[in-house]
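Q: Dropping a structure here in structure tokens format, bear with me for questions.
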Amino acid sequence: MSHPAVFCGEGGVPEKHWVGRSFGRAADGYDGLAGLQRTTADAVLAGWFARTTRHRPDWILDVGAGTGYPTRHLHQHWPEARVLAVDLAEGMLRVARRHWPDADPLHCVVGDAETLPVADGGVDMLFTNLALQWCSSVTAAFSEFYRVLKPGGQLAFSTFGPATLHELRAAWASADDHTHVSHFPEPDILRTALDGCGWAGVELHSTLTRLQYAGVLDLMHELKGLGAHNLTRNRARHLQGKSAWQRMVAAYPADRNGEVWASFEVIAGYCRKPVSGK
Ligand SMILES: C[S@@+](CC[C@H](N)C(=O)[O-])C[C@H]1O[C@@H](n2cnc3c(N)ncnc32)[C@H](O)[C@@H]1O
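If you're matching positions, the sequence shown starts at 9 in our numbering and goes up one per residue.
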């Protein structure tokens, strides 16, 4: 029996071909499940729009654009700008194209956040919502974002922080020795990575959200439906035993009626490439 386990981050490095494949498979059902992703995009975009009222970008890049919810909001906010959506999963971009208004072109490219198919200084603004946690290295991604932004260009991002799915991580830790939920970076690690790349005006904000599920199985099904399988290199390769799964479910804290809570820590970040930045 193979159970979906979840997520990855710098502690458990994701296997990229599986990340693309997993999100591609999830693309058609993604929008029906992506409530947290939408709420997060809305909050980060609202914060960004308030900080960039004087900006008139020519090119905006949405990295890990998925089915294009934030991409469409970027386009509505800056209708004069051209928006480029990049994602590892072709299937996600196919859905994004379907939702895009006919009158305007959507520029989409299959590509990796850590090696973007964009020239040095090619874009004015870069947005990325809940995709960074899938990168092998946030430092590599931040440095790549810096490369493709023009001097003075703006970056807004969100990613998961260490409290994310801590209940599930702890429940699995008491069930077997494999990595099921990796450790997401602390805000300090993100700040150090950003400072090291040369970003200026770094602001980080952490928010904790707790979501309720009818049971652990519902939580796992939602994560699987979002494409968020366990794709870390040290995941269990063999089919997981029924008993490990049962131990995990038994260890997950549940209400008297079997309902469970899952925590999601979202870290939002805003910064800019200095005007003097190369
Ligand atoms: C949780 S979804 C978020 C999608 C979208 N940003 C949103 O807010 O709905 C994460 C997306 O990141 C993409 N992704 C993961 N790793 C990536 C990488 N290294 N480069 C580009 N896209 C990546 C996935 O294919 C997926 O579409």
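All C-beta atoms in this analysis are idealised placements derived from N, C-alpha and C, irrespective of residue type, glycine included.
Please read these numbers as outputs of a predicted model, since none were measured by experiment.
Under the criterion of a Cβ to heavy atom distance below 6 Å, does P78 qualify as lining ligand 1?
A: Here residue 78 corresponds to residue number 70 of the sequence shown, with the count starting at 1. Yes; taking the cut-off as 6 Å, the Cβ of P78 has a heavy atom of ligand 1 nearer than that.
Q: Between which two residues does the alpha helix (DSSP H) containing E175 stretch?
A: Within the sequence shown, the letter at position 167 stands for residue 175. Run containing E175: H174 to A181, per the alpha helix (DSSP H) assignment.
Q: How is E273 classed by DSSP in three states: helix, strand or coil?
A: Within the sequence shown, residue 273 is the residue found at index 265, counting from 1. In the structure shown, E273 sits in a strand (DSSP, three-state: E or B).
Q: Ligand 1 and A312: does any heavy atom of the ligand fall closer than 6 Å to the residue's C-beta?
A: Since the first and last residues shown for the chain are 9 and 286, residue 312 lies out of range.
Q: Is the distance from the Cβ of V117 to the Cβ of V156 below 7 Å?
A: Taking the sequence shown and counting its residues from 1, one reaches residue 117 at position 109. Taking the sequence shown and counting its residues from 1, one reaches residue 156 at position 148. No.
Q: Less than 6 Å separating the Cβ of N265 from some heavy atom of ligand 1?
A: Position 257 of the sequence shown, counted from the first residue, corresponds to residue 265. N265: no, Cβ never under 6 Å from ligand 1.
Q: Looking at D66 and P78, is the spacing between their C-beta atoms short of 7 Å?
A: Taking the sequence shown and counting its residues from 1, one reaches residue 78 at position 70. Taking the sequence shown and counting its residues from 1, one reaches residue 66 at position 58. For P78 and D66, no; Cβs fall outside 7 Å.
Q: Who are the Cβ neighbours of L53 in its own chain at under 6 Å, not counting the five residues just before and after it?
A: Taking the first residue of the sequence shown as position 1, residue 53 is located at position 45. Here the set comprises H81.
Q: For ligand 1, any of its heavy atoms closer than 6 Å to the Cβ of W142?
A: Taking the sequence shown and counting its residues from 1, one reaches residue 142 at position 134. Yes, ligand 1 has a heavy atom inside 6 Å of this Cβ.
Q: First and last residue of the beta strand (DSSP E) that includes R29?
A: In the sequence shown, counting from the first residue as 1, residue 29 sits at position 21. Run containing R29: none in the beta strand (DSSP E); it sits in the alpha helix (DSSP H), K24 to L41.
Q: Count the other CB atoms, across all protein chains shown, that sit within 10 Å of the CB of Q45; report buried if there are 16 or more and exposed otherwise.
A: Within the sequence shown, the letter at position 37 stands for residue 45. Looking at its Cβ environment, which holds 16 or more other Cβ atoms inside 10 Å, Q45 is buried.
Q: Do you know whose CA, among G233, A222 and R218, lies nearest V274's CA?
A: Position 266 of the sequence shown holds residue 274. V274 has its Cα closest to that of R218, out of G233, A222 and R218.
Q: Using a Cβ-Cβ distance cut-off of 7 Å, determine whether A208 contacts chain D.
A: Absence of chain D from the displayed structure is noted, only one protein chain being present.
Q: With the cut-off set at 7 Å, would you say A104 and A97 are in Cβ contact?
A: In the sequence shown, the residue the question calls residue 104 occupies position 96. In the sequence shown, the residue the question calls residue 97 occupies position 89. No; because the gap between Cβ atoms is not below 7 Å, this pair is not in contact.
Q: Any idea what DSSP makes of P109, helix, strand or coil?
A: One-based indexing of the sequence shown puts residue 109 at position 101. The answer is coil: DSSP assigns P109 none of H, G, I, E or B.
Q: Can you tell me where the alpha helix (DSSP H) holding K286 begins and where it ends?
A: If you number the sequence shown from 1, residue 286 lands on position 278. It is not in any alpha helix (DSSP H) - K286 carries neither H nor E in the DSSP assignment.
Q: Is G266 helix, strand or coil when you go by DSSP?
A: The residue given as residue 266 occupies position 258 in the sequence shown. Three-state result, G266: coil.
Q: Whose C-beta lies closer than 8 Å to the C-beta of Y221 among residues of the same chain, with five residues either side of it excluded?
A: Position 213 of the sequence shown, counting from 1, holds the residue named residue 221. Cβ neighbours of Y221 beyond the five flanking positions: L227, E230, E267, V268, W269 and A270.
Q: With a CB to CB cut of under 7 Å and the five nearest residues on each side skipped, what residues in its chain are close to A252?
A: Taking the sequence shown and counting its residues from 1, the one referred to as residue 252 is at position 244. Here the set comprises A183 and D184.
Q: Are the Cβ atoms of P159 and V257 separated by less than 7 Å?
A: For the purposes of this step, residue 159 is identified with residue 151 of the sequence shown, where counting begins at 1. For the purposes of this step, residue 257 is identified with residue 249 of the sequence shown, where counting begins at 1. Result no, Cβ atoms of P159 and V257 do not sit closer than 7 Å.
Q: In terms of alpha-carbon separation, which member of S145, D50, P109 and H107 lies closest to I197?
A: The sequence position of residue 197 within the sequence shown is 189, counting from 1. Nearest C-alpha to I197: S145.
Q: Can you check whether the CB of G37 is closer than 7 Å to the CB of G223?
A: Counting from 1 along the sequence shown, the entry for residue 223 is found at position 215. Counting from 1 along the sequence shown, the entry for residue 37 is found at position 29. It is not a contact, given that the beta carbons lie outside the stated cut-off.
Q: May I ask you to report which of helix, strand or coil DSSP gives C143?
A: Position 135 of the sequence shown, counted from the start, is the residue given in the question as residue 143. In the structure shown, C143 sits in coil (DSSP, three-state: anything other than H, G, I, E or B).
Q: Look at the alpha carbon of D112 and the alpha carbon of I68, and state the distance between them as a whole number of angstroms.
A: Reading the sequence shown from its first residue, position 104 is the one you call residue 112. Reading the sequence shown from its first residue, position 60 is the one you call residue 68. When rounded, the distance between both Cα atoms is 15 Å.
Q: Should G28 go down as buried or exposed, given a rule of 16 or more other Cβ atoms within 10 Å for buried?
A: Working through the sequence shown from its first residue, we reach residue 28 at position 20. That one is buried.
Q: Just to confirm, does M256 get its C-beta within under 6 Å of one of the non-hydrogen atoms of ligand 1?
A: Residue mapping note: residue 256 aligns to position 248 of the sequence shown, counting from 1. Flag unset: Cβ of M256 not near ligand 1.
Q: In terms of alpha-carbon separation, which member of H83, T136 and Y154 lies closest to K286?
A: As a first step, residue 286 must be located in the sequence shown, where it is residue number 278. Comparing Cα-Cα distances from K286 to each of H83, T136 and Y154, the minimum goes to Y154.
Q: So what does W67 bridge to, in DSSP terms?
A: For the purposes of this step, residue 67 is taken as residue 59 along the sequence shown, with counting starting at 1. DSSP output for W67 lists R90 as bridge partner(s).
Q: Please name the residue in A139, N265 and V189 whose C-alpha comes closest to that of L173.
A: Translated into the one-based positions of the sequence shown, residue 173 becomes position 165. Checked all of A139, N265 and V189; the closest Cα to L173 is V189.
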